[in-house]
Amino acid sequence: MPGVEAMNPRKKRCTVKGNAVDPAKAPHHAPTTEKLADGQNADHYVLCPEDRAKGYVEPFRINYIHEACGAVTAMPRACAETYAVQPEYYGSTFCCHCHDYFPVGEGGQFIWNDGSRQKVGTRRAA
Numbered sequence: 235m236p237g238v239e240a241m242n243p244r245k246k247r248c249t250v251k252g253n254a255v256d257p258a259k260a261p262h263h264a265p266t267t268e269k270l271a272d273g274q275n276a277d278h279y280v281l282c283p284e285d286r287a288k289g290y291v292e293p294f295r296i297n298y299i300h301e302a303c304g305a306v307t308a309m310p311r312a313c314a315e316t317y318a319v320q321p322e323y324y325g326s327t328f329c330c331h332c333h334d335y336f337p338v339g340e341g342g343q344f345i346w347n348d349g350s351r352q353k354v355g356t357r358r359a360a
């Protein structure tokens, strides 16, 4: 998931595939330049398991809707846990219909597929 502005470049990074990545050698946007047939990165950064185990600040959700096209996309569990622990971790996410990455956050193009209309990459109002 490109656009990982909220990630600390000096902090340990892990990937969906379970690899630990040396922060000094880690590419900024994704742990690999390899792409899947649909255009998605073949691997993604996530919070490491010990960080995800510290607890959620947002609900655990797997599916989101791209407001531009209406398609629902499901993400890997480790990405969903990362969003639940640190919603601002990613700067963009993938749309399985458009075959590309688009922004998340307040000005982003995605909402959670749970009826809340909450933007992906944001925190619920207190």
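Numbering (my numbering), first residue to last: 235 to 360. For each residue, glycine too, the CB sits at the ideal point set by N, CA and C.
A residue is called buried when at least 16 other Cβ atoms come within 10 angstroms of its Cβ; F328 meets this threshold and is buried.
Remark: C-beta atoms of S350 and P337 do not approach each other more closely than 9 Å. For A308, the enclosing beta strand (DSSP E) covers residues 306-308. DSSP, reduced to helix, strand and coil, places C313 within a helical segment of the structure shown.
For P283, the uninterrupted alpha helix (DSSP H) run begins and ends at 283-286, by DSSP. Taken in chain order, the complete beta strand (DSSP E) segments of 3 residues or longer contained in the region 252-302 are 297-300.
The continuous beta strand (DSSP E) containing P337 extends over residues 334-337. The C-alpha of G304 lies about 12 Å from the C-alpha of W346.
Counting other Cβ atoms within 10 Å of its Cβ, G273 stays below 16 and is therefore classed as exposed. A distance below 9 Å separates the beta carbons of V250 and C313. Our two residues, V280 and T266, have alpha carbons roughly 13 Å apart in a direct line. Annotation for Y290: E315, A318, V319 place their beta carbon closer than 8 Å to its own, counting only its chain and skipping 5 residues before and after. In terms of Cα proximity to R311, the closest of H278, A258, K353 is H278.
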